[in-house]
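Q: In terms of the UniProt record's numbering, the sequence shown has 73 at position 73, counting the first letter as 1, and numbering is strictly consecutive. Attaching a single structure in structure tokens format; questions to follow.
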Amino acid sequence: MWKLTSRFRAHTNSTSWLVRNFSSRDPTGLYGFDHLKTAKGFQRFVADAIERSGELVSYISGMPSSPEIIKAMDEISDTVCCVVDSAELCRQTHPDREFVEAAHKAAMDMNDYLHQLNTNHTLYAAVRKAERDSNLLTEEASRTAHHLRMDFERGGIHLDPEKLNKVNNLTTNIFQLCSEFSENIADDPGHVDIFPVSRIPRHLHHLLSPISRFTSGGSKRSAHTPKQKGFRIPTDQRTLSSILQWTSDEEVRKMVYIQGNSVPHANHGVLEKLIASRHELAQMMGCNSYADFMVEPNLAKSPKVVTSFLQELSKTVKPKADEVVASYFPLPQCIEGLKVLVESLFGATFHTVPLAPGESWHPDVIKLSLHHPDEGDLGYLYLDLYSRKGKYPGCASFAIKGGRKISESDYQLPVLALVCNFSRARDSSVVKLNHSEVEVLFHEFGHALHSLLSRTVSSTGS
1 MWKLTSRFRA HTNSTSWLVR NFSSRDPTGL YGFDHLKTAK GFQRFVADAI ERSGELVSYI
61 SGMPSSPEII KAMDEISDTV CCVVDSAELC RQTHPDREFV EAAHKAAMDM NDYLHQLNTN
121 HTLYAAVRKA ERDSNLLTEE ASRTAHHLRM DFERGGIHLD PEKLNKVNNL TTNIFQLCSE
181 FSENIADDPG HVDIFPVSRI PRHLHHLLSP ISRFTSGGSK RSAHTPKQKG FRIPTDQRTL
241 SSILQWTSDE EVRKMVYIQG NSVPHANHGV LEKLIASRHE LAQMMGCNSY ADFMVEPNLA
301 KSPKVVTSFL QELSKTVKPK ADEVVASYFP LPQCIEGLKV LVESLFGATF HTVPLAPGES
361 WHPDVIKLSL HHPDEGDLGY LYLDLYSRKG KYPGCASFAI KGGRKISESD YQLPVLALVC
421 NFSRARDSSV VKLNHSEVEV LFHEFGHALH SLLSRTVSST GS
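Okay, here's the thing in structure tokens:
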């Protein structure tokens with residue numbers, strides 16, 4: 001037992017060295033991971049994570065004390081999630097196709113390994129033991145044990161082998177279909193050609209590509225044949241939203257709306273398969289629908305409660321929402337507003353810090369550190385705010401590292417990325433957001449802030 005515990009602690013000490021040097025300006029790899037200096041580094045990233053997790057599984061199989069079980073389970077979670085989350089962020093945002101493909105393979109490999117962990121009866125038994133020994137755990141560790149046990153059971157570990165194998169196959173299929181669905185949107189957003197240019201408001205012209213066509217029929221055309229100028233409107237979410245909001249031409253809005261909600265055509269079949277797989281999974285887990293399955297572990301417990309809450313909330317906030325008159329907000333002002341909000345509420349300040357060579361995945365990326373005068377550095381947040389080809393099409397907060405206590409003196413700082421798809425102004429002026437975009441920015445920033453401010457012992461709770 002002493003040797004296993006010593007090895008466990010020795011590893012966490014080496015991990016804390018990584019964390020302490022995360023703010024270093026020495027050359028490093030993507031997101032501060034030395035493994036990710038090249039796309040091929042994802043292979044080693046995966047291999048090392050699986051090797052370390054295997055060591056921890058062996059340690060847990062010896063049934064150490066309940067606090068040690070939870071600590072080891074949390075390190076497994078942190079080790080695996082660092083790879084999974086980094087791969088997902090890279091897959092959705094990196095402009096280099098080699099990195100994207102390597103990240104996709106890493107995500108698939110780790111997804112397969114996660115199935116092995118989620119169906120490991122030794123780990124499940126250890127977690128149940130820890131949950132029964134709640135009197136030996138801190139309140140946070142007791143909650144962690146409870147959630148880990150629920151996660152195992154939501155993965156179907158309590159089912160007979162045949163049903164469990166079916167659940168695993170469905171879960172893998174759902175993951176692959178979700179990936180395919182997102183990739184299709186990024187690769188083929190679709191477009192609509194509109195003539196003449198006068199049908200599009202002038203302040204939207206910078207979002208669109210100019211095109212032209214001959215105005216007269218026939219096969220004989222010359223340099224003197226008149227051409228009509230128009231615009232090709234890509235039906236990505238950002239452009240679609242702007243056209244629908246600001247174009248007075250009803251026919252244009254209709255064409256853009258229909259096209260934007262009909263492409264990519266390849267997703268029709270993907271969506272049908274995804275819905276069927278999710279429904280089958282929910283039924284195998286004893287739920288009436290996938291919505292029931294997803295809401296069940298949350299505070300609301302059922303979709304009916306969620307619907308009722310949203311309807312009542314809408315009635316409450318509508319009068320105030322109707323008072324909103326400002327249609328646009330400068331993006332830099334919004335970011336500064338978020339900083340002011342955090343400082344006024346929590347006394348913590350965001351600072352722009354340099355990126356180490358190799359750490360960034362695109363020139364647009366900015367790195368912020370969050371600092372508190374008493375607590376010190378709280379974590380790091382990458383900002384990747386502008387749209388580009390091949391990038392994740394929406395706005396989201398991506399976790400890279402979760403915060404967790406490594407030892408009595410070391411704490412692993414959380415690292416996250418806030419990814420959005422705001423369009424740059426064509427004339428290099430300040431980017432302005434509409435009200436709905438500001439809401440999305442603040443919403444996703446809130447997710448990131450939750451992780452940055454959490455000071456949980458385990459990364460699972462962060």
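Glycine included, each C-beta is placed from N, C-alpha and C at the ideal position. Just so we're clear, the structure is a prediction, and the values are computed from it rather than from any experiment.
(1) Determine the burial state of ILE400: buried for a count of at least 16 other Cβ atoms within 10 Å of its Cβ, exposed for fewer.
(2) Need the endpoints of the beta strand (DSSP E) that THR349 sits in, please.
(3) Taking 7 Å as the cut-off, does the CB of GLY230 come closer than this to any heavy atom belonging to the ligand SAM?
(4) Short of 7 Å in beta carbon distance, which residues of its chain neighbour PHE346, apart from the five on each side in sequence? Order them along the chain.
(5) Please return the same chain residues whose Cβ sits closer than 6 Å to the Cβ of GLY156, not counting the five positions on each side in sequence.
(6) Kindly give me the distance between the Cβ atoms of GLY41 and GLY358, rounded to whole angstroms, as I take these residues to be in contact under 8 Å.
(7) Nearest to LEU331 by alpha carbon, out of ALA266, VAL430, VAL415?
(8) Could you name the residues of the same chain whose beta carbon sits closer than 7 Å to that of LYS273, not counting the 5 residues immediately before and after it, in chain order?
(9) What does the alpha-carbon distance come out to for the pair HIS450 and ILE194?
(10) In terms of residues, what are the limits of the beta strand (DSSP E) holding ILE366?
(11) Closest to GLY260 by C-alpha separation, out of GLN283, PRO234, ALA276, would be which residue?
(12) How about ARG44 and THR79: do their beta carbons lie closer than 8 Å?
(13) Could you check the C-alpha separation between LEU56 and THR239 for me, to the nearest Å?
(14) So, for GLU140: in the same chain, excluding its five sequence neighbours on each side, which residues have a beta-carbon less than 8 Å away from its beta-carbon?
(15) Closer than 7 Å by C-beta to ALA396: which residues in its own chain qualify, once you throw out the five before and the five after it? Chain order, please.
(16) What three-state label does DSSP hand ASN288 in the structure shown?
(17) Within a Cβ cutoff of 7 Å, which residues of the same chain sit near VAL295, ignoring the five residues on either side of it in sequence?
(18) Excluding the 5 residues preceding and the 5 following VAL342 in the sequence, name in chain order all residues of the same chain whose CB lies nearer than 7 Å to its CB.
(19) Pull the bridge partners of PHE214 from the DSSP assignment, please.
(20) Is the separation between the beta-carbon of GLY394 and that of ASN421 shorter than 8 Å?
(21) Answer yes if the region 96-110 comes into contact with the region 66-74, meaning at least three C-beta pairs across the two stretches below 8 Å, and no otherwise.
A: The answer reads as follows:
(1) buried
(2) 349-353
(3) Although the ligand SAM was asked about, the structure shown includes no ligands whatsoever.
(4) LEU453
(5) LEU164, VAL167
(6) Between GLY358 and GLY41 the Cβ distance is about 10 Å, and since that is not below 8 Å, they are no contact.
(7) Cα-wise, what sits closest to LEU331 is VAL430.
(8) LEU177
(9) 44 Å
(10) 366-372
(11) PRO234
(12) no
(13) 48 Å
(14) THR456, VAL457, SER458, GLY461
(15) Same-chain partners within the cutoff: VAL419, GLU444.
(16) coil
(17) LYS301, SER302, PRO303, VAL306
(18) ALA348, PHE350, LEU449
(19) LYS227
(20) yes
(21) no
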